[in-house]
Amino acid sequence: MPELPEVETIRRGLERVLVGRVVQHVEVSEKRSCTVSSQELAAAIVGAQVETVSRHGKLLIIGLDNALSLLTHLRMTGQLIFKAADVDTGLEASGAFPDKWESDFGGGYPNQSFIGNLPDKTTRIIFTFSDGSHLYFNDQRKFGYVKPVPTGEVQLDDFVASLGPEPLDPCFSAEDFAARLPKGSKRSVKSVLLDQSTVTGIGNIYADESLFLARILPSRTVASLTRSEITALYAAIRSCMEQSIADGGSTMKDYVDSEGLRGEYLDLHATVFNRAGLPCRVCGAPIRKTKVAGRGTHYCENCQK
DNA sequence: CACTTGACCTGTCCGC
DNA sequence: TGCGGACAGGTCAAGT
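Using the numbering used here, read the first sequence as starting at 110 and increasing by one per residue.
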């Protein structure tokens, strides 16, 4: 479920803590989770220093100083959690929060770390750095992966090459967005938003949310959209993603950021997603849930046309 | 060619 | 209580 705002939140967290760290050890315990073997990955990255943590759509890219990049896709349940060497979270064991959070959040606990004892049974890859800190790649459903690729060839990677533009790129205009929609297509606008070659980073949550903000029914065909609806949709995509990044992303169930914190977008700002049967925040009518493009789809039949 | 559906996984929730 | 089945969603292969 991590979509662009969730991956961006993780990226910002990892950039703060990973850059400059040197890989001392790496262990892959689930071979589906890495495109190469544990031994090959170790041979490729042990001794290398992290230089950059970037993102392309939902893909997180860890750049190393040995001209290798780790493409990391979390798919549905992937997590990347960093744990410093000397911090014992021990939440379950002690039943109490570490003092450092008390000061960080002024004594309250607006958000609770969901870091349990790591590694746990969903841990697929463990990166150990030379200072004793760890990065855990957890993935309950084993759909995510880590793929080492020469940094100079990242753009040539089949998956990367298939991605459309970043919706939050300042250079990406409403005209660009309109031009990327399949002209005259009878596909539903929702399926086109989920297609990563249209615009990269939108998943089920932000497809529903942006269509609500733009007041467009998810089942509408692309061909039926007016110019002003396309412009509204463009603006809606950008605004709900920016809001979600500000909220630390959306947590349905599995998503946590690099510190194990949940995202608050769904609680604070979501309008339709996961709100079936609840009153629309604009008109009060019950939010409907159907299936569009094979996905659970939420909308307000009163507000969206 | 355009588009939809199923497979990949595992945990959770629902009904019987 | 336990069991079976539906469901969740990102991407790709296979099907219509």
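Beta carbons are placed, not taken as given, at the ideal position from N, Cα and C, and that holds for glycine. Computed from a predicted model, the values in this text were never measured in an experiment.
Around the C-beta of residue 316, 16 or more other C-beta atoms lie within 10 Å, and the residue is accordingly described as buried.
Counting along the chain, residue 313 sits inside the alpha helix (DSSP H) bounded by residues 313-322. The three-state secondary structure of residue 164, taken from DSSP, is strand. Annotation: the continuous alpha helix (DSSP H) that includes residue 122 extends over 113-127.
About 5 Å separates the beta carbon of residue 236 from that of residue 135, a gap short enough to meet the 8 Å contact definition. Excluding sequence positions up to five before and after residue 110, its CB lies within less than 8 Å of the CB of 185, 186, 312, 313, 314, 359, 361, 362, 363 and 364, all in the same chain and listed in chain order. Here the alpha carbon of residue 144 sits roughly 28 Å from the alpha carbon of residue 403. Remark: C-beta atoms of residue 325 and residue 308 do not approach each other more closely than 8 Å. For residue 158, the CB contacts under 6 Å within the same chain, skipping 5 residues up- and downstream, are 131 and 174 in chain order. For residue 235, the enclosing beta strand (DSSP E) starts and ends at 232-238.
Counting along the chain, residue 342 sits inside the alpha helix (DSSP H) bounded by residues 336-355.
Here residue 240 has 194 as same chain residues with Cβ atoms under 6 Å from its own Cβ, once five neighbours each way along the sequence are excluded. In this structure residue 188 is buried. Its beta-carbon is surrounded by 16 or more other beta-carbon atoms within 10 angstroms. Collapsing the DSSP output to three states places residue 381 in coil. Put simply, of 369, 167, 177 and 123 the residue whose alpha carbon is nearest the alpha carbon of residue 261 is 177.
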